[in-house]
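Structure, as structure tokens:
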Amino acid sequence: MSILPLLIIVPFTFIILALFIHHVRIKNALSLILGLTNFALAFYILKIVHNAGMLKTQMGSWPAPYGITLVADRFSAFMIFISAIVFLAVTLYSIQSIDKERLKNNYFLFTYGILMGVNGSFIAGDIFNLYVWFEVMLMSSFILISFGGEKAQLEGSIKYLILNLISSFFFVAGIGILYGKMGSLNLADLALKFSRIGDFPSLFEPSLILLLVGFAIKGALFPFFFWLPASYHTPPPAVSALFAGLLTKVGIYSLIRIYTLFLHHYDYFWNPIILWMGILSMVIGVITATSQFDFRKILSFHIISQVGYVIIGLAFYTISGLAAAIFFLGHNMLSKTNAFLVAGWVHRERNTLSLKDLGDMFNKHTLWGILFFISAFSLAGLPPLSGFAGKYLIIKAGIESNQIIVAMVALFVGLFTLFSMTKIWIEVFWKNTKNEKNDSEQRIKSNGLPYRYMITASIILALSIIVMGVWAKPIAEFCETAATDLLNNQKYINFVLG
Amino acid sequence: MELILAIFIGILYAGGVYLVLRRSIVKVILGIFVLANATNLIIFLAGGIKRSGEAFIAEGKETVDLATISDPLPQALILTAIVISLGIAAYILALKYRYFEVTETHDLDQLSKTDQK
């Protein structure tokens, strides 16, 4: 019995368990247990994969191209591990931050659904299976984003829903056409068949374009990102944090997987497109972020900008570029989630996230200030935090593959990121607020509610960011091995089909 | 047959896109349903359509004659996709209903409060 199916079975068991439990405290305990179990599982898989290289399970013991394959290589294991950290932290945070009413109505059940979908997508070795996990994840996220039914939330969820459904149609139409042409759904088998064809008759192979557009919408890449800033700031902060940490990253993961397996055969066509999508996401995301005056909206736009970094790392298509992309993806999941967690705390403390109305937080809540400082300046790329290592690797990879201009753009975008993070820092934490009376009222209120769980969650993420920054070398070396495996896709093909 | 089906899918897509671009949320949702069905038909068409029997192995035989059957996999895929779109349809209609209760509007242009300015 292989360990991989447990990544799906465990959350599923907890979903069923959660249906039978009505007590809020037990529900909370249950979700913490799931978070810890999933973390232990992810750690164990990471350890095995680190030594062995890859892990696979053929579901129902059907041999590879016919049955459904679950496969974890180093890249998947890394992503599973990071998302386990994010999930654990957000769960811990939600226990305190989500209101009783939502908790009572099985809020956690849908986060389990998201975990199941995310884990499933990371280990899917079959493109239709990948689609099904996407849908599992999306259905849970649809419910979470509209959960509670506030007015802004409903508006945001209609936009989120419609655009994500359209992306699913692109994805599934692409799968259908691809199957019609190649006669296979197994990713490794598809890669093998693509490599045998050699030069494709038509450069504009429609199924690949459909797949790319589907993933680009899910990953919020340049011309397709509009759903993200319109919806991510509407649900409760813990939900935005979970989405920011996990959802778009799964789209990017799938894009990297598809790209390294078969899209790269036509890299003369795809590389410039991907590169430009990355550059434009990076630049437009960061510039629009600077014009925002809402804590969470700034962070939402930064998701787009940060995804651009990952994509240019992919577009360099060298070992160092891909390694940088993987490292950056991990760093971004941690830092972004933590920034959203702090935003959620600010919202709870002051009941607003508009930068103009906030201020003076650092004097009263030094620890939260430090936590925000760590995640924000990690996003901006200051040493010794993880963002510095990530950006350094991306820019180095750019220079190595003779894309000096792209590397320069990435540097400038980093500068803008620093600008908007400083803006949040000054407006929320340093600025003196004038109306003292309001403040003292707030303080009495906040004394009644110690944010034990919330702050622990944030500290876990902040520590992971620091660890990832200080011990960047072993992690970067791991990413490099992962990137080598990705580029040398013959190994993946042989392993899955063999 | 392929040509007819292809044209039909094209019409469905055109109609779906037209509906999605309408202002009324209900019409957008109907457009989503039409697009979902057009996509299912694409899988069906791409899997190859021909007049043929079921993919069962006849009694007393080890294998199945490939010339007489049609590929069952696209049908299985469509079945999955239909189930998923059914779930989504139920959810999206419930969401629309709730949205109408809260805001009492069908107009997509009223959804501008969460937009970026």
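Residue numbers (our numbering), protein chains in the order written: chain A, 1 to 498; chain B, 1001 to 1117. Don't be surprised by glycine CBs; every beta carbon is placed ideally from N, CA and C.
| Check | Outcome |
| --- | --- |
| For B:Thr-1080, the three-state DSSP class (helix, strand or coil) | helix |
| CA nearest to the CA of B:Leu-1041, picked from A:Tyr-44, A:Phe-169, A:Leu-6, A:Ala-152 | A:Phe-169 |
| Cα-Cα separation between A:Leu-130 and A:Gly-120, rounded to whole angstroms | 7 Å |
| Those residues which DSSP pairs with A:Val-71 across a bridge | A:Lys-56 |
| Coarse secondary structure for B:Gly-1053, derived from DSSP in three states | strand |
| Own chain residues within Cβ distance below 7 Å of A:Val-283, not counting five before or after | Val-409, Val-413 |
| Neighbourhood of B:Met-1001 by C-beta, 7 Å cutoff - its chain only, sequence neighbours within 5 removed | Ile-1049 |
| Per-residue burial, A:His-233 [other beta carbons within 10 Å of its own, 16 or more giving buried] | buried |
| Start and end residues, alpha helix (DSSP H) containing A:Ile-15 | 6–20 |
| Counterpart residues of A:Ser-141 in DSSP-defined beta bridges | In the DSSP output, where bridge partners are listed per residue, A:Ser-141 has none listed. |
| Coil, strand or helix - A:Asn-332 by DSSP | helix |
| Below-9 Å beta-carbon distance, B:Val-1026 vs any chain A residue | no |
| contact_flag[the region 266–282 of chain A, the region 291–303 of chain A] where n(CB pairs < 8 Å) is 3 or more | no |
| Beta-carbon proximity check, A:Leu-382 vs A:Ile-82, cutoff 9 Å | no |
| A:Asn-38 and A:Phe-87 closer than 9 Å at C-beta | yes |
| Length of the line joining the Cα atoms of A:Glu-427 and A:Lys-297 | 14 Å |
| Backbone secondary structure at A:Leu-497 - three-state DSSP | helix |
| Where A:Val-283 meets chain B, residues with beta-carbon distance less than 8 Å | Near A:Val-283 there are no residues of chain B at all, since even the closest Cβ is about 16 Å away, more than 8 Å. |
| Chain A contact for B:Ala-1006 (CB, 9 Å cutoff) | no |
| Within-9 Å CB hit, B:Arg-1098 to chain A | yes |
| Cut-off 8 Å between Cβ atoms - residues of its own chain near A:Leu-367, not counting five sequence neighbours on either side | Ile-455 |
| Contact list for B:Thr-1103 against chain A, beta-carbon separation under 7 Å | Lys-151 |
| Integer Cβ distance of A:Ser-458 from A:Leu-341, believed to fall under 8 Å | 5 Å |
| Proximity below 9 Å, CB of B:Leu-1079 to CB of A:Phe-128 | no |
| Members of the region 1046–1077 of chain B that neighbour chain A once the beta carbon cut-off is set at 8 Å | Ala-1046, Gly-1047, Gly-1048, Leu-1073, Pro-1074, Leu-1077 |
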